[in-house]
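Visitor:
Numbering (our numbering), first residue to last: 2 to 728.
(1) Closest to residue 538 by C-alpha separation, out of 300, 333, 704 and 247, would be which residue?
(2) Can you tell me which of 53, 72, 709 and 55 puts its alpha carbon nearest to the alpha carbon of residue 62?
(3) For residue 64, which option in 293, 78 and 666 has the closest C-alpha, if you only look at C-alpha atoms?
(4) Count the other C-beta atoms from every protein chain shown that fall within 10 angstroms of the C-beta of residue 681, then say buried if there are 16 or more, exposed otherwise.
(5) Taking contact to mean 3 or more Cβ pairs, one atom from each stretch, closer than 8 Å, check whether the region 478-486 and the region 438-451 are in contact.
(6) For residue 679, does the count of other Cβ atoms within 10 angstroms reach 16, so buried, or fall short, so exposed?
(7) Please state the DSSP three-state secondary structure of residue 396.
(8) Between which two residues does the alpha helix (DSSP H) containing residue 73 stretch?
(9) Report the CB separation of residue 738 from residue 323 in whole angstroms; it is logged as a contact under 8 Å.
(10) To the nearest whole angstrom, what separates the beta carbons of residue 391 and residue 431, a pair I think is in contact under 8 Å?
(11) Residue 699 by DSSP, collapsed to three states: which one?
(12) Here's the rule: buried if 16 or more other CB atoms are within 10 angstroms of the residue's CB, otherwise exposed. What is residue 748?
(13) Going by beta carbon distance, what residues of the same chain come within less than 8 Å of residue 384, once the five residues before and after it are set aside?
(14) Buried or exposed: residue 372, going by 16 or more other Cβ atoms within 10 Å of its Cβ?
(15) Identify every run of the beta strand (DSSP E) within the region 222-292, keeping only runs that are complete inside it and at least 3 residues long; order them along the chain.
(16) Could you check the C-alpha separation between residue 353 and residue 317 for me, to the nearest Å?
(17) Which residue spans inside the region 305-359 form an unbroken alpha helix (DSSP H) run of at least 4?
(18) Please tell me whether residue 302 has its Cβ less than 8 Å away from any Cβ of chain B.
(19) DSSP has residue 117 in a bridge; who is on the other side?
(20) Tell me the rounded alpha-carbon separation between residue 175 and residue 269.
(21) Touching or not, the region 658-674 and the region 626-637, by the rule of three or more beta carbon pairs under 8 Å?
(22) Check whether the region 328-348 and the region 241-256 touch, using three or more Cβ-Cβ pairs below 8 Å as the test.
(23) Would you identify the three-state DSSP class for residue 151, choosing helix, strand or coil?
(24) Count the other C-beta atoms from every protein chain shown that fall within 10 angstroms of the C-beta of residue 77, then say buried if there are 16 or more, exposed otherwise.
(25) I'd like the list of long-range same chain contacts for residue 593, defined as Cβ closer than 6 Å, with 5 residues on each side in sequence excluded.
(26) Could you have a look at residue 679 and say whether DSSP puts it in helix, strand or coil?
(27) With respect to the alpha helix (DSSP H) encompassing residue 1, which residues constitute its N-terminal and C-terminal limits?
(28) Would you decide whether residue 67 is buried or exposed? Buried here means 16 or more other CB atoms lie within 10 Å of its CB.
(29) Alpha carbon to alpha carbon, how far is residue 115 from residue 109?
(30) Indicate whether residue 586 and residue 622 have their beta-carbon atoms separated by less than 8 Å.
(31) Contact defined as beta carbons within less than 8 Å: I believe residue 644 pairs with residue 638. What is the distance between those atoms, to the nearest angstrom?
(32) Among residues of its own chain, excluding the 5 on either side of residue 226, which ones have a beta-carbon nearer than 6 Å to its beta-carbon?
(33) Nearest-angstrom Cα distance between residue 54 and residue 258?
(34) Would residue 339 pass as a contact of residue 265 if the rule is Cβ separation under 8 Å?
(35) Would you decide whether residue 233 is buried or exposed? Buried here means 16 or more other CB atoms lie within 10 Å of its CB.
(36) Alpha carbon to alpha carbon, how far is residue 456 from residue 395? Give it in angstroms, no decimals.
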């Protein structure tokens, strides 16, 4: 125990000595003395005083949300005496200093993101935050300075007899190409002569402008490209030279957005169409990370991955084969998209496990995964076999034949290994599986998911038949009786040629007489009706009548009138409500009615008795969806006995067959039939029946107006409780 304590103290002392030595060595190299901030016009200038001047410009990048500028100072410690300074000038709020063993990080917290530049000035690091107006002025000054530099360079060439300075590298555009990127996007690819070439890409109104200061353009690239035929938002590309600067103008159309990035000596500008709701069109990969801006010249890929890891908080593990440098310019790009661009530029790929990202070349990852799969296959071939018994509770063991075998034969299936097998014992409903332990775990999970109680569904149908009938019948009778013959007078009307015409109903002439009813043996009441159009009965109901007789003073001549009328109004409703309970995805049938016999001739000429159903039937197959709705395949029929026909009976049929989706407990109308019958029948005496007013005495009018409506409702309910299913 004492020896362990001594070793522990020694190790702690060694660590402390190492840290002290490391910090002392870093302190000897450089240190942050103080931080000052001033406001110059609309710009904020931050001065960081250092112990010794920086040899190389520090690495820096910016974040969009939250708005920050981050500057890394290698081999530098904090001697300012505070970790946070409150500035509150312009858009700059505070400056945080975070120190680790090998570096110090300056974090500038802004109200909104701004353009900035970082310059070395002996023992001071100057960070200039540029406003929008000052940025435009600075760009103009930069163009003037660039023009002066070109003039100086030309003067040097003249002094050196036209030969350029060997230390000066000429920057130029090598090639400009346009390619469709798929899904309606257009991609402009610019190849540069140097990775350190300056590029400024921005949007001006409805065009995209890319400026390349201090660059030259070959004559073959000074052109205007028309790319409308590629069906992308990009219409034209115009490349021109303005003094010592090359300008590329991209003219899109419609609603679009663009993204620009540079990897080494290649600049890519991608223009994508956008729908009116703001969503990207096409099947683009959705990037959801926070946006950042990166601007690095010839930085190591491993260091660039470390920047992404610091920003995201993820643990990034890079393979030893991840090497090389990269020039990268990104502005307001989601961090996951920035990581994809970095990996595409170096043919890398990644695998994510929790919050750890493993990054390596694609071939290396594929080789590693292939070796792992081969090792698993070898282990599976050598792993011992185990037999396990599974008791089926709700499903039949025979149902698993399709899982483990083919065509109903138990054997090797997709879920079993090459050496695995399975068998079924129907009497006890058990399943016996022999395979490796890993495959048995998969079988166990499968049985847990499938051997569950089947949910029940109750389906209730309501068939409503409603009718509304209306009938009206009007009629009249007219008669005349002449009894003057009983008093010795001459009945009828005297006509020329000594002829009399009697108007006594249904005869002409005095001598003829039609008897209507007997009063006694051999005694009859004569038929006096000459208009007989009475109202008929409706549904077995006799009409009512009103009779009036007009006679002469001697009661020898009679005029008889009888009016009859009948009006019937009826309403009825028939409701049939069959209901049935069945399991999920299992068909069910319920019916009630009668079977009607009818004769049918056979091939031998004899007759046989056949039966045809006239009943109420509900046939349904439910399917419960994952969101709780129910899909129903419904067949509803309501048949009844009809009118006699040829010694048999016709069958009145009402039938609905459909497929519908209904919410649990909801009611849907499957269909409806509405029938309306209107009739009007007029029977009249010609000419007299057309007379105004009096014509009603010479005609019979029957009116019919029937309405029949059939509606079929259905309501499914999921019975998740066994008690509810019993009820």
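From the three backbone atoms N, C-alpha and C, an ideal C-beta is built for every residue, glycine too.
A quick note: this is a predicted structure, and the numbers were derived from the prediction, not measured.
Guide: On the basis of the data shown:
(1) Stepping through the chain shown from its first residue, residue 538 is reached at position 537. The shortest C-alpha separation from residue 538 is found at 704.
(2) To locate residue 62, count along the chain shown from 1; it is residue 61. Of 53, 72, 709 and 55, the residue nearest in Cα terms is 72.
(3) For the purposes of this step, residue 64 is taken as the residue at position 63 of the chain shown. That would be 293, whose Cα lies nearest to the Cα of residue 64.
(4) Residue numbering aside, residue 681 sits at position 680 when the chain shown is read from its first letter. Burial call: exposed.
(5) no
(6) Within the chain shown, numbered from 1, the residue matching residue 679 stands at position 678. It is exposed - the Cβ of residue 679 has fewer than 16 other Cβ atoms within 10 Å.
(7) The count along the chain shown starts at 1 and reaches residue 396 at position 395. In this structure, residue 396 counts as coil in the three-state DSSP scheme.
(8) The residue you call residue 73 lines up with position 72 of the chain shown. Element bounds for residue 73: not the alpha helix (DSSP H) but the beta strand (DSSP E), 69-75.
(9) Lying before the first or after the last residue shown, residue 738 is absent from the chain, which here runs from 2 to 728.
(10) Locating residue 391 in the chain shown gives position 390, counting from the first residue. Locating residue 431 in the chain shown gives position 430, counting from the first residue. Confirmed, Cβ separation roughly 7 Å.
(11) Indexing the chain shown from 1 puts residue 699 at position 698. Of the three classes helix, strand and coil, the one that applies to residue 699 here is helix, per DSSP.
(12) With the chain covering only 2 through 728, there is no way to say anything about residue 748.
(13) Position 383 of the chain shown, counted from the start, is the residue given in the question as residue 384. Around residue 384: 437, 438 and 439.
(14) The residue you call residue 372 lines up with position 371 of the chain shown. Exposed.
(15) 225-227, 235-243, 246-253, 257-264 and 267-274
(16) Counting from one through the chain shown, the residue named residue 353 turns up at place 352. Counting from one through the chain shown, the residue named residue 317 turns up at place 316. The straight-line gap from Cα to Cα measures roughly 9 Å.
(17) 336-346
(18) In the structure shown, chain B does not exist; there is a single protein chain.
(19) Residue mapping note: residue 117 aligns to position 116 of the chain shown, counting from 1. BP columns for residue 117 point to 130.
(20) The residue you call residue 175 lines up with position 174 of the chain shown. The residue you call residue 269 lines up with position 268 of the chain shown. So the alpha carbons of these two residues sit roughly 14 Å apart.
(21) yes
(22) no
(23) Taking the chain shown and counting its residues from 1, the one referred to as residue 151 is at position 150. Note that residue 151 scores a pLDDT of 40, beneath 50, so its modelled location is shaky and nothing firm can be said.
(24) Here the question's residue 77 lines up with position 76 in the chain shown. By the neighbour-count rule (16 or more Cβ atoms within 10 Å), residue 77 is buried.
(25) For the purposes of this step, residue 593 is taken as residue 592 along the chain shown, with counting starting at 1. Closer than 6 Å at the Cβ level, and outside the excluded window around residue 593, lie 616 and 617.
(26) Counting from 1 along the chain shown, the entry for residue 679 is found at position 678. Strand.
(27) As displayed, the chain neither begins before 2 nor continues past 728, which places residue 1 out of reach and without an answer.
(28) The sequence position of residue 67 within the chain shown is 66, counting from 1. Per the 10 Å Cβ criterion, exposed.
(29) The residue you call residue 115 lines up with position 114 of the chain shown. The residue you call residue 109 lines up with position 108 of the chain shown. The straight-line gap from Cα to Cα measures roughly 11 Å.
(30) As a working mapping, residue 586 is identified with position 585 in the chain shown. As a working mapping, residue 622 is identified with position 621 in the chain shown. The answer is yes: Cβ separation under 8 Å.
(31) For the purposes of this step, residue 644 is taken as the residue at position 643 of the chain shown. For the purposes of this step, residue 638 is taken as the residue at position 637 of the chain shown. Their Cβ separation, rounded to whole angstroms, is 19 Å, which puts residue 644 and residue 638 out of contact at 8 Å.
(32) By 1-based counting over the chain shown, the position of residue 226 is 225. 238.
(33) The sequence position of residue 54 within the chain shown is 53, counting from 1. The sequence position of residue 258 within the chain shown is 257, counting from 1. About 43 Å.
(34) As a first step, residue 339 must be located in the chain shown, where it is residue number 338. As a first step, residue 265 must be located in the chain shown, where it is residue number 264. Their beta carbons are not under 8 Å apart, which means residue 339 does not touch residue 265 by this criterion.
(35) As a working note, residue 233 is residue 232 in the chain shown. Buried, because 16 or more other Cβ atoms sit within 10 Å of the Cβ of residue 233.
(36) Taking the first residue of the chain shown as 1, we reach residue 395 at position 394. Taking the first residue of the chain shown as 1, we reach residue 456 at position 455. Residue 395 and residue 456: Cα-Cα distance of roughly 11 Å.
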